[in-house]
Amino acid sequence: MRILGIIPARFASTRFPGKPLVNINGKSMVRRVYDQALKSNSLRDVIVATDDERIFDHVSAFGGQVAMTSPNHKNGTERCGEAINSIDENFDFVVNIQGDEPFVSPKQIDLICSRLNKDVEMATLMKKVTDHNKFTSANCIKVVFDTSYNALYFSRSSIPNFKNSRGDDSFFKHIGVYAYRSDILKRIVLLPPTPLELAESLEQLRWLESGYKIKVFETSEESHSIDTPEDLEHLLENFGLQKTMID
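The opening residue of the sequence shown carries number 0 in numbering that gives the first Met the number 0; numbering runs sequentially from there.
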């Protein structure tokens, strides 16, 4: 099975402009993600998909593969869709690796890839959480699923409600690594926004509302996404690292 890893990386982040080029102990964020993806045993190739010449030139300079994409994409999935269409080779699946997770685990990439087959339309990861302080946070995306591990719903709200607590309740948080069958990726990027997606600001709800299935697989490893400069400061403190900016 041929699987391509794509790392969407845009410069003009609203909350953290230029974050792909933040230098973490001598290596940019986007390069850290790229190098982590290369450690996966399952990906045939890895490519960065960007909308900015500074990122394009930086990735090219360190020898990475990079594709220039439109600045008008609203999410990473759309950017992955354009990137796969620009590649001459054929791939069975595309794995969308978040460009703001400099310490993404290659094991998580291998886990999701190991569960892919021709019957899987899309897949993502989840992690069991028992800290109910996180359970109430809108920044922690929750997922519920059926007995076949098909996602039923993703939400920023507390789902399930745990009306009858047993003392051992747990919930599952979403880990934002996506795998798409290539033909499915080309279809979902054409879908219009849907009411639940707009209500929750979660793009995966568009796919569910449109009748597509998303498999969810459990990982025991944590993810560390960086949405704001404060997120980065907190992460660097935990890892004992420092940051500067790439010129």
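Idealized CB from N, CA, C, for every residue including glycine. In this text the structure is predicted, and so the values were computed from the model without any measurement.
In the DSSP assignment, find the unbroken beta strand (DSSP E) run with T123 in it and report its ends.
For T123, the uninterrupted beta strand (DSSP E) segment begins and ends at M121 to V128.
Hey, out of T218, H233, L3 and K212, whose CA is closest to I96's CA?
L3
Extent of the continuous alpha helix (DSSP H) to which G75 belongs:
G75 to N84
Nearest neighbour of D182, chosen from S39, K117 and N74 [CA to CA]
K117
Length of the line joining the Cα atoms of S222 and L207
23 Å
Does the stretch 29-41 touch the stretch 99-112, meaning 3 or more C-beta pairs lie closer than 8 Å?
yes
Is the beta carbon of Q203 closer than 9 Å to that of A122?
Remark: C-beta atoms of A122 and Q203 do not approach each other more closely than 9 Å.
Quick one: residues in its chain with C-beta nearer than 6 Å to the C-beta of N84, no 5 flanking neighbours on either side, listed in chain order?
none
Could you compute how far the alpha carbon of K162 sits from the alpha carbon of I140?
20 Å
What ranges does the beta strand (DSSP E) occupy inside the stretch 131-189, keeping only unbroken runs of at least 3 residues that lie completely in it?
141-144, 150-154 and 170-180
Output yes or no for whether 9 Å exceeds the beta carbon distance between A11 and V58.
No; because the gap between Cβ atoms is not below 9 Å, this pair is not in contact.
Measure the C-alpha to C-alpha separation of V247 and Y179 and round it to an integer number of angstroms.
Because the chain here runs from 0 to 246, residue 247 falls outside it and cannot be looked at.
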